[in-house]
Each structure stands twice: as structure tokens, then as C-alpha cells.
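Notes for the one structure printed next.
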Amino acid sequence: MTRHTLSPITRRRLLGLGAAGAATALLAACAGEGSGSPAAAGADGGASTLNIDFATYNPLSLVIKEKGWLEATLRDQGVTVNWIQSAGSNKANEALRANAVDVGSTAGSAALLARANGSPIKAISLYSQPEWAALVVAKDSPITSVADLKGKQVAATKGTDPYFFLLQALEAEGLTPEDVTVQNLQHADGWAALQNGSVDAWSGLDPIMAGAEQAGATLLYRQLDFNTFGFLNATESFLERSPELAQTVVNAYEKARAWAGENPEETATILAGVAGLDQAVADKVILERSNLDVDPAPGPRQREVLEVVGPIFVSTGDVADQGQVDAALDSLLDDSFVAQADPAAIKEA
């Protein structure tokens, strides 16, 4: 097993004050009764329905949904909250592009990829900096290093952080994407393929990955800095039509951030319930591999991370040219809602 040693500063970021961050994609793509259409306009021109995602890789969304804070806050405004589950960043991006959700959760890399390919979204907040991706092999696998993956089958969900983690890991260890065969499988299916021997390795995502560890799988390669931040994205049409509603969502996220920081164990319990995980697995995700103690405003730090990932999109053909990546970097990040965030404006249910 290869494991990069984290610096003391990075380790403190990962395990520091208020650790209660992000966990992962799994299970069904939709667990709401949404119409799959943009929010209907109210009498004042704003939305009468908020279509918003929740995801096991975004525990703050689970806290907000569990606590009923958005419903309590928006009820008097005549706004209905419709929760739709995202099974991965790629699925959240599909829903945002189709206007099936107004606000959706992705990894930073996935948000940049979507924007570079023309999806009109803005990152309006950050929900975490997790160590949610790593390369995984089965128990007793003869593969002991990234170099051993040459010529092998690797499962990964294209358009998500684990996929770009795989590409960065290959490059760091002297291999190219052509040195492996990528099986494009949704996260849970990738773990299943590793279990049944259909692939030799899996670029995994928590909390599925933490469950795989409990079942005996080995984390072959870890590198915190290859994980991009958790981005909360909104469609530009929603932001233009309902800026006050978007502000309410960011307010709720800041309330959830504070609550999760004070209640990490209960946050893990909420994750365990939604994702169907053993409590020990959920604890590992929240307490050991999630960092909630981050500045929620999308800004220079995230741009720096994405500037590393962006050229990979071009080299792999996921984006036509670097100009599209640069334009996306210039237009993706919007810190104005975080700058005005007021958690006290969110009502208790």
C-alpha cells in the first residue's frame, strides 16, 4: 500500500476543528418526487418551488434535509422544497444542465468540467474539503503500487473527482491514461466490479470506499491534494430569477456547517442512516476523512486547485481546448452569496 504522508498543516486541515465534512456517492439517482422541470415562477417573479439535491458525499445537505430548516424558513414565503438525490457529481451535473435541480452538489473538478463544456452554472459555496477519493484494490490483490496498474482494468466514474484522481495518480507515478483501461462505472458499480473481479482496481469514493475498507479492500494510493473541494452549484437562470432564494440556501448551508462542526458524531449518524452504512464506516468518513473547517467562499484557493486539473480535461479530450477551461475558471466562482450569508435567518423546524 502506498500512502503519501500528509504534512502537519494538511493533517490539521483534515482532522481539525469542526471536522464534519463530505462523504460520497451511492445508491439511487433520485429520491424525490420532483417534476424534473425548472422551478415555477411565483407572483413576485421568484420561484414557488426550490429543486435542490442531497447527496451522501455532501453531509451538509443531509443535515439540512434532516432538520427541515429550508421548509421551515420558506413555508411562509409559499415556496415548496423538493429534494432530489444525486448519486455522483456527474449525475448532479446532468440534473443542473437539464434544470431538474436549481442547486446541486459536485466536486470542484466536475463543476469546472461542466462549465467548460457550456453548462451555465456558478459555484456559490463550498461544503467541504474531503479526502473522498483514493485508488482501491481487493483484499490480497497482487497489485501493490500504481506502477502495477499498467495494462490493467480500472473502474472509475468519468466526470467525477475519483476519475480525475486516477489520472493525476497515473501521471504522478509515470504512467499515462493509455496505460490502463478505464471502465466507466457509477461509483457503487465500480466497487461491485472490484468485488466480482471484473476490474483490477477501482478509483473509489466515500462513503462506499470506507465500506469497502471495512470489507477488506486496500487503499492502494492516497493523496489529499488530488481531491478537489466540494462545490455547491446553482444554475445561472435560478440565480437571476431567484437571488433571495439562493441566498436562503447558502444561509442554510452556513447554519448546517456550524451545527455539524459542533455535532460531528450526530452528523455521522445522519449519514449512516441515509446511506445505509454501519456507524463505524460513517464515523470514518466524517471524523477522519472530511474537513468542514474551510472558508466557504469560492475563491483563489479553489482556482489554484482547478488550474492543475483543467489541462487534464484537454489532454484527455473531455474539453476541446484550454481556452474553454480558462473561460470557465474566470466565470465559475461566485462568492457574493457567502459574503452575505446569515445563518440566523434560517428558522428551526
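If you count by mature numbering (1 follows the signal peptide of the UniProt record, and there is no 0), then the sequence shown holds residues -28 to -1, 1 to 321, one letter each, in order. Cβ coordinates follow ideal geometry from the N, Cα and C atoms, glycine included.
Under a three-way DSSP split, which group does residue i fall into?
i, result
"A244", "helix"
"W174", "strand"
"K94", "strand"
"Y135", "helix"
"Q155", "strand"
"Q125", "strand"
"A184", "helix"
"N89", "coil"
"I318", "coil"
"P149", "helix"
"S58", "coil"
"T45", "helix"
"A313", "coil"
"K130", "coil"
"Q195", "coil"
Would you list the one or two residues that DSSP bridges to residue i?
i, result
"L22", "V53"
"A144", "DSSP lists no partner for A144."
"G202", "A79 and S100"
"T190", "V109"
"N30", "A27"
"L305", "A95"
Exposed or buried, which one is residue i when buried takes at least 16 other CB atoms within 10 Å?
i, result
"Q274", "buried"
"G169", "exposed"
"S117", "exposed"
"A(-6)", "With a pLDDT of 32 at A(-6), under the threshold of 50, the predicted position of this residue should be treated as unreliable, and no value is reported."
"D250", "exposed"
"S97", "buried"
"A317", "exposed"
"G176", "buried"
"D133", "buried"
"E150", "exposed"
"T200", "buried"
"A144", "exposed"
CA-CA distance, residue i and residue j?
i, j, result
"A173", "V154", "10 Å"
"P215", "Q186", "43 Å"
"L166", "A110", "7 Å"
"E276", "Q195", "17 Å"
"L42", "A160", "29 Å"
"V297", "I93", "14 Å"
"G202", "D112", "32 Å"
"W104", "L68", "22 Å"
"E260", "A19", "39 Å"
"D178", "T190", "14 Å"
"G(-13)", "Q101", "Residue placement at G(-13) is flagged as unreliable, the pLDDT there being 32, under the threshold of 50; a coordinate-derived value is accordingly withheld."
"L84", "Q140", "16 Å"
"E212", "L192", "45 Å"
"I180", "L217", "32 Å"
"A299", "A79", "19 Å"
Any heavy atom of the ligand NAP closer than 7 Å to the beta-carbon of residue i?
i, result
"A83", "Of ligands this structure carries none, so the ligand NAP is not represented either."
(request) Please go through the stretch 205 to 275 and give each complete alpha helix (DSSP H) segment of 4 or more residues, from N-terminal end onward. (result) 208 to 213, 215 to 234, 236 to 247 and 251 to 255
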